[in-house]
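Numbering-wise, our numbering comes out as the position in the sequence shown, counting from 1, plus 43.
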Amino acid sequence: MEGRKVAIITGSSSGIGLQTSVLLARSGYLTYATMRDLRKSSPLKEIAIKEKIPIEICQLDVTDENSVSNGIQSIIRKAGRVDILVNNAGYGLTGAFEDLSIEEIKLQYETNFFGLIRTSQAVLPIMRAQKSGIIINISSGLGRFGIATNSAYASSKFAVEGLTESMSYELEQFGIRTIIIEPGIIKTNFINSSKLAVKAKDSNSPYRNFMQNSEKGTIKLNESGQDPELVAKIIMKAIEDTNPKLRYLAGKDVEQIMEIKNKLSDEDFHSMLNKMGD
Ligand SMILES: NC(=O)c1ccc[n+]([C@@H]2O[C@H](COP(=O)([O-])OP(=O)(O)OC[C@H]3O[C@@H](n4cnc5c(N)ncnc54)[C@H](OP(=O)(O)O)[C@@H]3O)[C@@H](O)[C@H]2O)c1
44 MEGRKVAIIT
54 GSSSGIGLQT
64 SVLLARSGYL
74 TYATMRDLRK
84 SSPLKEIAIK
94 EKIPIEICQL
104 DVTDENSVSN
114 GIQSIIRKAG
124 RVDILVNNAG
134 YGLTGAFEDL
144 SIEEIKLQYE
154 TNFFGLIRTS
164 QAVLPIMRAQ
174 KSGIIINISS
184 GLGRFGIATN
194 SAYASSKFAV
204 EGLTESMSYE
214 LEQFGIRTII
224 IEPGIIKTNF
234 INSSKLAVKA
244 KDSNSPYRNF
254 MQNSEKGTIK
264 LNESGQDPEL
274 VAKIIMKAIE
284 DTNPKLRYLA
294 GKDVEQIMEI
304 KNKLSDEDFH
314 SMLNKMGD
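Given below as C-alpha cells:
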C-alpha cells in the first residue's frame, strides 16, 4: 500500500458515503471508510473483498470527541498521511421551526456542523505538514436556500457553507483545498434516517396539516431522487479538477433550481417555491 494517496470518509455505512468510499478505492486511494456503527459494515466489506479494492473500515462517530481523535490519529499512524477528507456524515431533522426543541437543534448541529469541524481540525496538522490535502464538505441544495419544515437542517448546511468558504482563504497558503458539494435529492437512507421533531408529532401542533402536506411532498420528491453514485462521481471530478471550484452542484434538480434562483429576487424565488408546494 506504500505510496498510495489516502482518503478518509465519514458516514460510509450507506448512501453517498458508501458510494464515495467505493469510487475512491476503485480509483486507487487507500480508503479509510469510517462509520459510527461497525455492525453496518457488511455491504461495503463485501464490495471491497469482491473487487479487491483498498478499503479499511474504521469506527468513527463524528459527535464523539474521543472517537474522532482516536479514529483519525490511528489512521494517521497506520497510513502516515491524509490526502482527502470527505465530511459526509449527516441526517435531517424535520418539523416546523416552532416545534423544534433547542436540544433537537443542538443534536442536528452536533452531527452536521460540529462533527465536520472535529474531523477537519484533526486532519489539518498533517495536511499542513504535507503542504497538501483536500477537505470536501457535503452540504446540500438546502445549504443555498431554506424550505419549510427544514429550518434546522438547512441552517446547519448554511453553516457548513460559511465555514468552508472562510476556511478556504486560510488554508490555500498551505496547499490545502476546501470543496463544498451540494447534492439535490438523492435516493439513500436519508429519508428513513430523518428525525421528526417530537412536538411535530403532536396532533395539537398548529403546524400539523402543514407538516402532513409537506411530508407527502417529500415522499413524492424522493421518488425522483438520483443515484448516490452520481454524487460520488462529482466528488471525484472535484478532486481531479485542474481548475478547481469551491462549490459543485450534484444533481439535475439542484442545477435547475439554482439556475432559476440565480435569476430571481428572493421574493420571486419564495413565490415560486410556494407555488411548487401547492
Ligand atoms: N439524500 C439526499 O437527498 C441528500 C441531499 C443533500 C445532501 N445530503 C447529505 O449527504 C450526506 C450523506 O447522506 P445520505 O443521503 O447518503 O444519507 P444516509 O444514507 O442516511 O447516510 C448518512 C450517513 O451518515 C452517517 N451518520 C449519521 N450520524 C453520524 C454520526 N454521528 N457519526 C458518523 N456517521 C454518522 C450514517 O450512519 P448510520 O448508518 O449509523 O446512521 C450514514 O452512514 C449527508 O450529509 C446529507 O445531509 C443528502
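In this text, a Cβ means the ideal position worked out from N, Cα and C, and glycines have one as well.
Keep in mind it's a predicted model, so treat the numbers as computed, not measured.
DSSP three-state label for residue i, please.
| i | result |
| --- | --- |
| K238 | strand |
| L103 | coil |
| L81 | helix |
| R47 | coil |
| I96 | coil |
| N130 | strand |
| A76 | strand |
| L387 | The first residue shown for the chain is 44 and the last is 321, placing residue 387 beyond what the model contains. |
| R69 | helix |
| T154 | helix |
| T221 | strand |
| T322 | Summary: the structure shown does not reach residue 322, with the chain confined to residues 44 through 321, and so no result is reported for it. |
If the criterion is Cβ atoms closer than 8 Å, does the pair residue i and residue j meet it?
| i | j | result |
| --- | --- | --- |
| G322 | A281 | What is shown of the chain runs 44 to 321, which leaves residue 322 out entirely. |
| N130 | I90 | no |
| G60 | T106 | no |
| P287 | I222 | yes |
| I224 | I190 | no |
| D126 | G176 | yes |
| L128 | I100 | no |
| K238 | L136 | yes |
| F188 | F312 | yes |
| V203 | R161 | no |
| I326 | V49 | Limits of the chain in this structure are 44 at one end and 321 at the other, which puts residue 326 out of reach. |
| G54 | G133 | yes |
| K200 | L66 | no |
| L289 | S211 | yes |
| Q173 | R124 | yes |
| I234 | N265 | yes |
| G138 | A240 | yes |
| T63 | I51 | no |
| I219 | M170 | yes |
| A68 | I92 | no |
| S56 | K83 | yes |
| S236 | T192 | no |
| T207 | N180 | yes |
| V297 | G184 | yes |
Does the beta carbon of residue i fall short of 7 Å from some heavy atom of ligand 3?
| i | result |
| --- | --- |
| K83 | Ligand 3 is not part of the structure shown, which contains ligand 1 as its ligands. |
**Request:** Pair every Cβ in the segment 72-84 with every Cβ in the segment 143-153, then say whether three or more of these pairs are closer than 8 Å.
**Result:** Cβ pair count under 8 Å is below three, so no.
**Prompt:** Are there three or more Cβ pairs, one per stretch, closer than 8 Å when the segment 225-244 is compared with the segment 254-272?
**Reply:** Yes: at least three Cβ pairs fall under 8 Å.
**Asked** Which runs of the beta strand (DSSP E) spanning at least 3 residues fall entirely within the segment 160-209, listed in chain order?
**Response** Listed in chain order, they are 176-181.
**Message:** So, does the segment 249-257 touch the segment 136-144, judging by three or more C-beta pairs under 8 Å?
**Reply:** Touching, per the Cβ criterion.
**Request:** Ignoring anything shorter than 3 residues or poking outside the segment 229-309, list the beta strand (DSSP E) runs there in chain order.
**Result:** Entirely contained in the segment 229-309, the beta strand (DSSP E) runs reaching 3 residues are, in chain order, 290-293.
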